[in-house]
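Residue numbers (UniProt numbering): 1 to 323.
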Amino acid sequence: MSSQRRSQFFIVITTFNRADYLSELLGSVAALDPAPDGVIVVNNASTDTTVEVIDGVRREFAALPVPIPVIHHRLEVNSGGAGGFSAGVERALAEGAQWMWLMDDDVTVVPGAVGAFGPWMDKYDAVVGRRYDAAGEPFFWQNSFNTFLGLPLPVKGDIFEETDEFATNVGCFEGMLLHSDAVKGVGLPDSRFFLTWDDTIYGWLISLQRPVVYVNEFVLHKVRPQRSLNLGIRHLNDSSDLSRYYVMRNRGLVAQYLRAHNSYNRVGFALGTALTMSKELVRLVGVEKTLRGGSRLFAGWRDSRQIMAAGDFVPMQPLERTS
């Protein structure tokens with residue numbers, strides 16, 4: 001990691017009331033070789049023992065042979081994953097980060113992950129590595145954002161069968177690595193999403209300016225077990241009422257971003273919204289074996305209509321022009 005292109009590598013973690021998972025993640029970060037230059041933990045107004053975990057880790061990391069700064073960025077209110085990553089990326093830039101590796105709190109990192117990213121960091125500004133699921137199997141994630149429908153579609157087959165990189169146009173904040181140039185070019189992640197769709201749109205916005213690649217490097221383990229339904233070309237995992245609400249509500253924000261970039265098709269987007277609703281209903285029945293929670297889907301859809309109707313929407317703005 002001696003290349004100037006690879007300097008100031010920061011990990012940005014967003015956490016909310018998962019102190020046990022956070023402790024396991026930070027323990028794995030301590031084993032990274034090479035190590036990151038800093039860790040930023042965005043505490044989304046947690047009410048459990050998250051503060052104690054972070055304080056303990058800060059002391060442990062300071063005592064390492066090569067100390068790793070741990071910055072506790074505490075938010076006064078829970079701003080969701082979107083708000084957490086927006087705050088974390090902003091703080092990382094303020095700390096001088098050149099690279100920001102974004103992740104949730106329910107994963108662990110592979111010891112050689114930073115080095116595995118190295119060659120790709122010499123070529124690209126936006127990279128997504130692979131993950132193992134809680135059972136140690138490859139985690140399914142290979143999507144491409146379809147602007148006509150306004151949603152990511154699964155890519156069929158083994159995308160790494162003949163190459164170790166796949167050009168995509170979506171992001172995933174569970175393991176996306178970003179150079180500061182990519183961030184500055186599109187602005188911070190949009191906290192208005194609160195939960196879901198934020199990383200999809202963020203990756204799409206970056207792809208309009210520069211390549212976004214999914215690479216054949218396993219860098220994370222998902223440690224939180226999830227119920228899942230295998231549909232062949234994709235998996236559906238279990239969800240929550242909060243996520244169900246926002247997956248529909250944020251269709252309004254997706255529409256506004258498509259409009260801002262002259263990519264909105266009224267008929268296609270309506271079809272995409274219907275497909276999204278159908279997918280979530282299949283998730284309820286097939287994974288969670290219930291229809292309870294369906295009301296949150298319809299509440300989110302209703303609120304998305306108000307967001308779509310707003311005539312004063314302003315997208316997140318670039319932080320500065322980059323060459």
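The beta carbon of each residue, even a glycine, is placed where N, CA and C say it ideally should be. Note that the structure is predicted; figures quoted are calculated from it, not measured.
To the nearest angstrom, report how far apart residue i and residue j are at their CA atoms.
{"i": "Val51", "j": "Trp99", "result": "25 Å"}
{"i": "Asn294", "j": "Ala30", "result": "Before going further, note that residue 294 is Gly rather than Asn in the sequence given. Spanning the two alpha carbons is a distance of roughly 42 Å."}
{"i": "Ser86", "j": "Asn43", "result": "12 Å"}
{"i": "Arg305", "j": "Tyr264", "result": "15 Å"}
{"i": "Leu32", "j": "Pro67", "result": "12 Å"}
{"i": "Thr168", "j": "Val186", "result": "17 Å"}
{"i": "Met1", "j": "Ala35", "result": "Note that Met1 scores a pLDDT of 49, beneath 50, so its modelled location is shaky and nothing firm can be said."}
{"i": "Gly157", "j": "Glu165", "result": "14 Å"}
{"i": "Gly80", "j": "Phe145", "result": "23 Å"}
{"i": "Ser243", "j": "Arg74", "result": "23 Å"}
{"i": "Gly56", "j": "Leu26", "result": "10 Å"}
{"i": "Gln226", "j": "Val215", "result": "24 Å"}
{"i": "Trp197", "j": "Val254", "result": "8 Å"}
{"i": "Phe61", "j": "Val109", "result": "16 Å"}
{"i": "Met308", "j": "Leu258", "result": "11 Å"}
{"i": "Gln209", "j": "Val170", "result": "13 Å"}
{"i": "Thr322", "j": "Lys184", "result": "Residue confidence for Thr322 is low, a pLDDT of 44 falling below 50, so the modelled location carries little weight and cannot support an answer."}
{"i": "Thr276", "j": "Arg59", "result": "45 Å"}
{"i": "Val213", "j": "Ser207", "result": "9 Å"}
{"i": "Arg18", "j": "Asp241", "result": "18 Å"}
What residue from the options has the CA that sits closest to residue i's CA?
{"i": "Asn250", "options": "Leu291, Thr290, Arg296", "result": "Arg296"}
{"i": "Arg5", "options": "Gly272, Glu90, Met121, Pro154", "result": "Met121"}
{"i": "Ser23", "options": "Asp48, Ala35, Ser7", "result": "Asp48"}
{"i": "His221", "options": "Phe193, Glu137, Gly187", "result": "Glu137"}
{"i": "Leu319", "options": "Val247, Ser180, Tyr246, Phe193", "result": "Ser180"}
{"i": "Ile71", "options": "Gln317, Leu258, Arg131, Ala92", "result": "Ala92"}
{"i": "Asp20", "options": "Asp37, Phe10, Gly38, Ile54", "result": "Ile54"}
{"i": "Leu64", "options": "Ser46, Ala45, Ala82, Asp37", "result": "Asp37"}
{"i": "Gly252", "options": "Trp101, Arg131, Val314", "result": "Val314"}
{"i": "Ala126", "options": "Val107, Leu102, Ala135", "result": "Leu102"}
{"i": "Leu195", "options": "Phe218, Glu161, Tyr245, Val223", "result": "Tyr245"}
{"i": "Phe160", "options": "Glu217, Gly118, Glu280", "result": "Glu217"}
Per DSSP, residue i is paired with what?
{"i": "Arg6", "result": "None, per the DSSP bridge assignment."}
{"i": "Asp104", "result": "Thr14"}
{"i": "Phe145", "result": "Pro152"}
{"i": "Leu284", "result": "In DSSP, Leu284 forms no bridge with anything."}
{"i": "Phe218", "result": "Arg130"}
{"i": "Phe165", "result": "For clarity, residue 165 is Glu in the given sequence; the question names Phe instead. According to DSSP, which records beta bridges pairwise, Glu165 is partnered with Val215."}
{"i": "Gly38", "result": "Phe10"}
{"i": "Pro138", "result": "Tyr132"}
Contact defined as beta carbons within less than 8 Å: I believe residue i pairs with residue j. What is the distance between those atoms, to the nearest angstrom?
{"i": "Pro211", "j": "Tyr202", "result": "So it is not a contact: roughly 15 Å between Cβ atoms."}
{"i": "Gly96", "j": "Gln8", "result": "6 Å"}
{"i": "residue 403", "j": "Thr14", "result": "What is shown of the chain runs 1 to 323, which leaves residue 403 out entirely."}
{"i": "Met248", "j": "Gly175", "result": "Actually they are not in contact, since the Cβ atoms of Met248 and Gly175 sit about 25 Å apart, beyond 8 Å."}
{"i": "Val12", "j": "Ile40", "result": "5 Å"}
{"i": "Val291", "j": "Val285", "result": "In the sequence as displayed, the identity of residue 291 is Leu instead of Val. Indeed they touch by this definition, with Cβ atoms about 7 Å apart."}
{"i": "Trp141", "j": "Cys172", "result": "6 Å"}
Is the Cβ of residue i closer than 9 Å to any Cβ of chain B?
{"i": "Phe85", "result": "Although the question refers to chain B, the structure presented lacks it and comprises just one protein chain."}
Taking 8 Å as the cut-off, is the C-beta of residue i nearer than that to any heavy atom in the ligand ZN?
{"i": "Met277", "result": "Ligands in the displayed structure: none, and consequently the ligand ZN is not present."}
message: Under 8 Å: do the segment 260-277 and the segment 140-156 share three or more Cβ pairs, one atom per stretch?
response: Contact holds: three or more Cβ-Cβ distances are below 8 Å.
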